[in-house]
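Protein chains in written order, with this note's numbering: chain A, 1 to 492; chain B, 1 to 100.
Next up, the structure:
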């Protein structure tokens with residue numbers, strides 16, 4: 001029997017291979033940096049250099065690929081369009097900043113040199129996840145990403161916090177991925193396809209739906225809400241953010257959230273926001289409820305926090321709530337995908353930057369930075385204080401920072417979709433959020449430094465990472481027109 | 001009842017059992033076994049569905065899932081060893097340093 005009759009492989013054309021090249025490059029880079037990282041003295045710097053160079057090559061290749069025509073590989077499983085290519089460039093950019101941030105931290109926190117390879121593996125999984133429209137492929141991509149992140153979280157081997165955070169994330173993450181898998185199996189059983197686009201076509205021709213599909217969809221939605229850290233499934237977020245090394249937290253908060261949210265948006269668009277089936281209205285109402293609850297819970301609990309990383313982790317939950325409004329608005333209006341992407345991108349920048357600054361002031365194996373410890377630091381290190389201020393203002397959504405542009409776009413798209421009550425809740429809770437962001441700034445600049453003031457560890461990598469994020473935050477905040485038009489054009 | 005429905009019921013039963021083990025047991029080894037059970041329940045249901053629907057897709061996917069389950073248990077065990085080194089126990093109630 002001929003092998004081609006068993007496995008009918010398509011041959012890939014030039015354009016397809018070129019567009020898959022960034023994925024090959026970062027996978028190869030990960031393998032190389034694994035091998036080269038075993039060098040006894042210089043392992044860390046070699047691994048850093050390898051992963052940095054390969055990431056830059058992947059970004060350059062992806063930028064070149066933007067001119068090529070859209071292709072879909074494996075019968076539509078992997079769709080490489082302008083939109084997904086831009087998302088993968090953003091993910092690679094986050095990975096690049098995370099690699100910069102890890103350089104220097106790795107020795108301080110006792111992280112192994114394999115962490116660079118893990119960042120690259122995770123970003124390969126993320127790129128696959130935003131590009132695919134196949135439920136099981138999405139599961140595999142999610143696992144490629146998550147397995148790398150579990151290890152990164154537990155990588156501070158001598159720290160109790162890290163071991164505990166790793167365990168919590170692993171157990172709950174494993175549960176969520178199993179729920180996604182079983183849910184997609186039930187969806188497959190009831191409708192006979194894994195492909196999101198064809199599922200949407202089947203669904204829009206139906207009036208009623210079997211309960212098996214509803215159970216499956218419920219499991220999938222629960223798994224995705226877990227991954228983005230929304231209200232009833234948020235329990236792991238503060239512990240994991242606090243227990244992981246700060247550079248890992250930065251990468252998680254930016255890139256994992258970005259990916260999981262875009263995957264959830266894809267699932268919601270194709271499986272939930274279909275008006276012909278009355279039962280799907282329950283899921284829409286559920287998302288409405290989750291968005292409101294997440295915003296209220298995240299913002300009000302963040303007020304009570306006195307530790308910086310823990311406060312930012314609760315604010316991350318609150319931001320999931322804002323993003324869910326944008327997702328809910330996609331129900332009525334197609335154009336709100338672009339505002340979702342913009343918000344995610346700007347939030348990720350502010351997130352990376354603020355954790356980079358925190359990592360500059362942390363001791364080895366420190367659990368968190370208490371507010372008292374940063375009192376007066378802004379006067380001692382004015383430049384770092386100013387950068388942290390920019391990031392916090394961006395998260396709060398103050399004009400001249402990119403966070404304002406993101407929030408404005410998200411809320412206005414929700415208003416045009418007719419979701420006024422949600423936007424009112426969002427605006428009120430974001431007023432609450434300004435309180436705890438400004439409190440940090442008050443501690444930075446207006447308090448006398450106490451006894452236990454944090455020591456500044458000059459680490460070039462983290463400093464550059466923070467600087468790049470600050471420049472990008474201000475640049476997109478003051479001159480947002482180009483990026484808004486670009487994202488609007490490609491997300492059509 | 002036909003065989004297909006029985007197999008689906010078995011898969012659902014296994015999935016519920018696995019979920020209960022993960023949520024209720026305090027022993028990390030048991031939790032790992034629970035996660036394996038969850039993935040295997042999904043495998044069983046996928047195989048049965050693709051047999052019923054005469055589609056090869058689900059059965060092929062099971063191989064990928066078996067591989068991923070192996071990788072996941074390897075990582076789970078190493079996280080467990082790390083937990084034991086730091087806390088001297090693999091019970092989940094000993095690891096309670098992060099609160100707030």
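Here a beta-carbon is modelled for each residue, glycine too, at the ideal position from N, C-alpha and C.
Distance, residue j Cα to residue i Cα
i: residue 454(A); j: residue 159(A); result: 19 Å
i: residue 426(A); j: residue 298(A); result: 11 Å
i: residue 224(A); j: residue 337(A); result: 17 Å
i: residue 467(A); j: residue 143(A); result: 32 Å
i: residue 443(A); j: residue 26(B); result: 41 Å
i: residue 75(A); j: residue 294(A); result: 38 Å
i: residue 79(A); j: residue 21(A); result: 14 Å
i: residue 115(A); j: residue 152(A); result: 6 Å
i: residue 255(A); j: residue 74(B); result: 24 Å
i: residue 202(A); j: residue 230(A); result: 29 Å
i: residue 376(A); j: residue 199(A); result: 57 Å
i: residue 487(A); j: residue 280(A); result: 29 Å
i: residue 87(B); j: residue 175(A); result: 24 Å
i: residue 111(A); j: residue 424(A); result: 44 Å
i: residue 5(B); j: residue 206(A); result: 24 Å
i: residue 386(A); j: residue 353(A); result: 12 Å
i: residue 70(A); j: residue 82(A); result: 7 Å
i: residue 90(A); j: residue 457(A); result: 29 Å
i: residue 494(A); j: residue 148(A); result: Given a span of 1 to 492 for chain A in the structure shown, any question on residue 494(A) remains unanswerable.
Residue i: first and last residue of the uninterrupted alpha helix (DSSP H) it sits in
i: residue 172(A); result: 160-191
i: residue 62(B); result: 57-87
i: residue 122(A); result: 114-131
i: residue 41(B); result: 28-52
i: residue 217(A); result: 211-228
i: residue 249(A); result: 246-251
i: residue 274(A); result: Taken as a continuous stretch (DSSP letters only), residue 274(A) belongs to no alpha helix (DSSP H), as it is neither H nor E.
i: residue 401(A); result: Careful: residue 401(A) lies outside any alpha helix (DSSP H) and carries neither H nor E.
i: residue 302(A); result: 280-303
Beta-carbon contacts of residue i that lie in its chain and below 6 Å, excluding the five residues immediately before and after
i: residue 480(A); result: 405
i: residue 197(A); result: 133
i: residue 113(A); result: 37, 43, 44, 47
i: residue 253(A); result: 316, 351
i: residue 342(A); result: 406, 409, 487
DSSP state of residue i mapped onto helix, strand, coil
i: residue 370(A); result: strand
i: residue 85(A); result: helix
i: residue 71(A); result: strand
i: residue 319(A); result: helix
i: residue 41(A); result: coil
i: residue 417(A); result: coil
i: residue 16(A); result: helix
i: residue 447(A); result: coil
i: residue 452(A); result: coil
i: residue 307(A); result: strand
i: residue 91(B); result: strand
i: residue 195(A); result: strand
Terminal residues of the beta strand (DSSP E) in which residue i lies
i: residue 111(A); result: No beta strand (DSSP E) holds residue 111(A); DSSP gives it neither H nor E.
i: residue 78(A); result: 78-80
8 Å CB neighbourhood of residue i in its chain, flanking five on each side removed
i: residue 185(A); result: 216
i: residue 105(A); result: 111, 245, 246, 247, 359, 459, 461, 462
i: residue 85(A); result: 19, 62, 65, 66
i: residue 68(A); result: 15, 18, 19
Chain-ordered neighbours of residue i on chain E, where CB pairs are closer than 8 Å
i: residue 161(A); result: You won't find chain E in this structure, because its protein chains are A and B.
Neighbourhood of residue i by C-beta, 7 Å cutoff - its chain only, sequence neighbours within 5 removed
i: residue 94(B); result: 87
i: residue 240(A); result: 153, 165, 168, 169
Next item on the list: Would you check if the region 314-324 of chain A and the region 358-377 of chain A touch, i.e. whether three or more CB-CB distances between them fall below 8 Å?
Entry: Too few Cβ pairs lie closer than 8 Å, so no.
Check: Are the region 383-395 of chain A and the region 337-350 of chain A touching by the rule of at least three beta carbon pairs closer than 8 Å?
Finding: Touching, per the Cβ criterion.
Item checked: the region 189-205 of chain A touching the region 47-57 of chain B, judged by at least three CB pairs closer than 8 Å -> Segment contact: the region 189-205 of chain A against the region 47-57 of chain B, three or more CB-CB distances shorter than 8 Å; contact assigned.
Check: At a cut of 8 Å, does the region 251-261 of chain A reach the region 379-391 of chain A through at least three beta carbon pairs?
Finding: No, the region 251-261 of chain A is not in contact with the region 379-391 of chain A.
Item checked: Contact the region 58-72 of chain B vs the region 125-143 of chain A: 3+ CB pairs below 8 Å -> Remark: three or more beta-carbon pairs, one from each stretch, lie closer than 8 Å, so the region 58-72 of chain B and the region 125-143 of chain A are flagged as touching.
Item checked: Validate contact between the region 26-35 of chain B and the region 164-181 of chain A using beta carbons, cut 8 Å, 3 pairs -> Segments in contact, yes.
Check: Looking at C-beta atoms only, is the number of pairs between the region 418-438 of chain A and the region 367-384 of chain A that lie closer than 8 Å three or more?
Finding: The region 418-438 of chain A is not in contact with the region 367-384 of chain A.
Next item on the list: Check whether the region 55-65 of chain A touches the region 93-113 of chain A, counting contact only when three or more Cβ pairs, one atom from each stretch, lie closer than 8 Å.
Entry: These segments touch.
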